[in-house]
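*Asks:* Okay, handing you the structure first.
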Amino acid sequence: MADYHVTTPLTDDVVMSLHVGDIVTITGHIYGLRDATLIRMFDEKVDIPTDLTGAVCLHTAPGVRNEEGRYVKVSIGTTTSTRMNRFTDGLMGKGVRAITGKGGLLEDSTALLREHHAVYFGLVGGTAASETLQIEAIEEMWWPDLMPECLWKFRVRDFGPLIVGIDAYGRNLYLETKRKALDVVKHLEI
Numbered sequence: 005m006a007d008y009h010v011t012t013p014l015t016d017d018v019v020m021s022l023h024v025g026d027i028v029t030i031t032g033h034i035y036g037l038r039d040a041t042l043i044r045m046f047d048e049k050v051d052i053p054t055d056l057t058g059a060v061c062l063h064t065a066p067g068v069r070n071e072e073g074r075y076v077k078v079s080i081g082t083t084t085s086t087r088m089n090r091f092t093d094g095l096m097g098k099g100v101r102a103i104t105g106k107g108g109l110l111e112d113s114t115a116l117l118r119e120h121h122a123v124y125f126g127l128v129g130g131t132a133a134s135e136t137l138q139i140e141a142i143e144e145m146w147w148p149d150l151m152p153e154c155l156w157k158f159r160v161r162d163f164g165p166l167i168v169g170i171d172a173y174g175r176n177l178y179l180e181t182k183r184k185a186l187d188v189v190k191h192l193e194i
């Protein structure tokens with residue numbers, strides 16, 4: 005395990021230097037999105053209004069306050085990623101290099117991340133207060149009709165710590181941990 009501080013957009017060299025279990029903090033920009041945004045992008049096939057090349061995407065539907073037409077953060081927490089698993093290939097095709105959320109992605113996404121040289125960063129649940137403080141500003145928001153599941157652009161400083169849960173080499177910490185737990189249970193005497 006190693007500790008990394010990375011800036012966005014992520015490059016191939018940075019992504020390929022990360023391995024399962026490494027700890028990462030991010031400075032730069034991350035894009036917040038959730039189910040409704042992903043459905044618009046991929047099921048409804050609406051062109052996205054920004055370039056996601058090298059992007060880090062965060063599964064979130066933030067709590068915000070509108071102050072004279074400008075959105076201000078109230079609480080920006082991460083949501084579970086597995087239900088958005090089906091959109092992984094599409095995001096990778098748009099140039100996304102990292103997905104961040106809770107709980108990991110399903111096994112088929114592990115192969116997609118390896119194929120596209122991308123990673124999954126895991127966050128501990130219940131850390132919305134910390135995440136909110138690490139987001140310096142909401143710089144842009146698209147598709148307000150999807151509120152709060154819009155597409156968001158956040159400026160972040162030292163966002164994390166994140167753990168590399170799935171790396172670009174095909175290792176998946178979630179699946180490895182599950183296999184180890186099942187092996188332990190299999191050998192227990194009852």
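Going by the numbering used here, the sequence shown opens with residue 5, and the numbers climb by one from there.
Beta carbons are placed, not taken as given, at the ideal position from N, Cα and C, and that holds for glycine.
(1) If you pair each beta-carbon of the segment 150–162 with each one of the segment 24–37, do three or more pairs fall below 8 angstroms?
(2) The beta strand (DSSP E) that contains S113, what's its start and end?
(3) Taking 9 angstroms as the CB-CB limit, is G108 close to chain B?
(4) Take the Cβ of T11 as the centre, count every other Cβ of all protein chains shown within 10 Å, and call the residue buried at 16 or more, exposed below.
(5) Can you list, in chain order, the residues of its chain with a C-beta nearer than 8 angstroms to that of E111? Leave out the 5 residues immediately preceding and following it.
(6) Is the beta carbon of T104 closer than 9 angstroms to that of L127?
(7) Beta-carbon separation of A102 and A59 under 9 angstroms?
(8) Are R38 and M88 closer than 9 angstroms when you measure CB to CB?
(9) Across which residues does DSSP place D7 in a beta bridge pair?
(10) List the whole-angstrom C-beta distance separating C61 from L95, where the pair is believed to meet the contact cut-off of C-beta under 8 angstroms.
(11) Do P165 and I27 have their beta-carbon atoms positioned less than 9 angstroms apart in this structure?
(12) Taking DSSP's pairing of strands, which residues face R279 in a bridge?
(13) Exposed or buried, what is G97 when buried is set at 16 or more other beta-carbons lying within 10 Å of its beta-carbon?
*Replies:* Quick answer:
(1) Taking a contact to require three or more Cβ pairs closer than 8 angstroms, the segment 150–162 and the segment 24–37 qualify as touching.
(2) As a working mapping, residue 113 is identified with position 109 in the sequence shown. In this chain, S113 is not harboured by any beta strand (DSSP E); it is covered by the alpha helix (DSSP H) spanning 111–120.
(3) Chain labels in this structure do not include chain B; a single protein chain is all it has.
(4) Position 7 of the sequence shown, counting from 1, holds the residue named residue 11. Exposed, since its Cβ has fewer than 16 Cβ neighbours within 10 Å.
(5) Counted from its first residue, the sequence shown places residue 111 at position 107. Spatial neighbours of E111 in its own chain (CB-CB distance under 8 angstroms, excluding positions within 5 residues in sequence) are listed in chain order as N176, L179.
(6) For this step, residue 127 is matched to residue 123 along the sequence shown. For this step, residue 104 is matched to residue 100 along the sequence shown. Contact flag set, yes.
(7) Residue numbering aside, residue 102 sits at position 98 when the sequence shown is read from its first letter. Residue numbering aside, residue 59 sits at position 55 when the sequence shown is read from its first letter. Judged by beta-carbon spacing, A59 lies within the 9 angstroms limit of A102, meaning their Cβ atoms are closer than that value.
(8) As a first step, residue 38 must be located in the sequence shown, where it is residue number 34. As a first step, residue 88 must be located in the sequence shown, where it is residue number 84. Yes. Within cutoff.
(9) As a working note, residue 7 is residue 3 in the sequence shown. According to DSSP, residue pairing for D7 in a beta bridge involves I27.
(10) If you number the sequence shown from 1, residue 61 lands on position 57. If you number the sequence shown from 1, residue 95 lands on position 91. Going by Cβ atoms, the distance from C61 to L95 rounds to 6 angstroms, so yes, they are a contact pair.
(11) Here residue 27 is taken as the residue at index 23 of the sequence shown, counted from 1. Here residue 165 is taken as the residue at index 161 of the sequence shown, counted from 1. A contact, by the Cβ cut-off of 9 angstroms.
(12) Outside the displayed span of the chain (5 to 194) sits residue 279, for which this structure offers no information.
(13) For the purposes of this step, residue 97 is taken as residue 93 along the sequence shown, with counting starting at 1. Exposed.
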